[in-house]
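What follows is a short report on a single structure.
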Amino acid sequence: MLTIDQQTKDAVAVLTASGVLDQAEIHKLREAVARNIRKHQFHLVLNLRHVGMIEYPSFGVLLELLSELQQYGGGLKLACANLHTQRMLRLMGLCRVLMCFDTEAEAIRQYQKEAA
-10 MLTIDQQTKD AVAVLTASGV LDQAEIHKLR EAVARNIRKH QFHLVLNLRH VGMIEYPSFG
50 VLLELLSELQ QYGGGLKLAC ANLHTQRMLR LMGLCRVLMC FDTEAEAIRQ YQKEAA
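In terms of my numbering, the sequence shown has 9 at position 20, counting the first letter as 1, and numbering is strictly consecutive.
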């Protein structure tokens, strides 16, 4: 079962996912992003520290969410992905598109750099 917790840090919404990002549960992430868009919060970090696995189709959903946020001048940055997820992102060439960071703080700092 996937759970998504949220907090705001330095004007960035940090979504912390726990569980597995699969087709049966990915709607929870979509809903969390949609809630943020309705609140005009377009800069998101997805903390993957507690995500054991991301099924292949879910990577496509991450790209869709990034694209949607970019339409509003925002973005989606990934933080704390495990080694398997990092390898998958590299193999699919997604690290160039979905910015990946070792820590949540680094991802938030990147938004601050982009705003400066």
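Backbone N, C-alpha and C fix where the C-beta goes; we use that ideal spot for every residue, glycine too.
**Request:** Please determine if the stretch 62 to 71 and the stretch 88 to 102 are in contact, where contact requires at least 3 C-beta pairs separated by less than 8 Å.
**Result:** Yes: at least three Cβ pairs fall under 8 Å.
**Message:** Quick check on phenylalanine 48: does DSSP put it in helix, strand or coil?
**Reply:** One-based indexing of the sequence shown puts residue 48 at position 59. DSSP places phenylalanine 48 within a helical segment (H, G or I) once states are collapsed to three.
**Message:** Taking 6 Å as the limit between beta carbons, can you name the residues of its chain near valine 22, skipping five residues before and five after?
**Reply:** Along the sequence shown, read from residue 1 onward, the residue named residue 22 stands at position 33. Correct list, in chain order: Leu54.
**leucine 87, DSSP secondary structure in three states** = Stepping through the sequence shown from its first residue, residue 87 is reached at position 98. Leucine 87: coil per DSSP, three-state reduction.
**Item:** Outcome for serine 56 when other beta-carbon atoms lying within 10 angstroms are tallied against a minimum of 16
**Value:** To locate residue 56, count along the sequence shown from 1; it is residue 67. Serine 56 comes out exposed.
**Asked** Is the Cβ-Cβ distance between valine 9 and leucine 33 less than 8 Å?
**Response** Here residue 9 refers to the residue found at position 20 of the sequence shown. Here residue 33 refers to the residue found at position 44 of the sequence shown. Going by C-beta atoms, valine 9 is not nearer than 8 Å to leucine 33.
**Message:** According to DSSP, is threonine 92 part of a helix, a strand, or is it coil?
**Reply:** Here the question's residue 92 lines up with position 103 in the sequence shown. Residue state, collapsed to three classes: coil.
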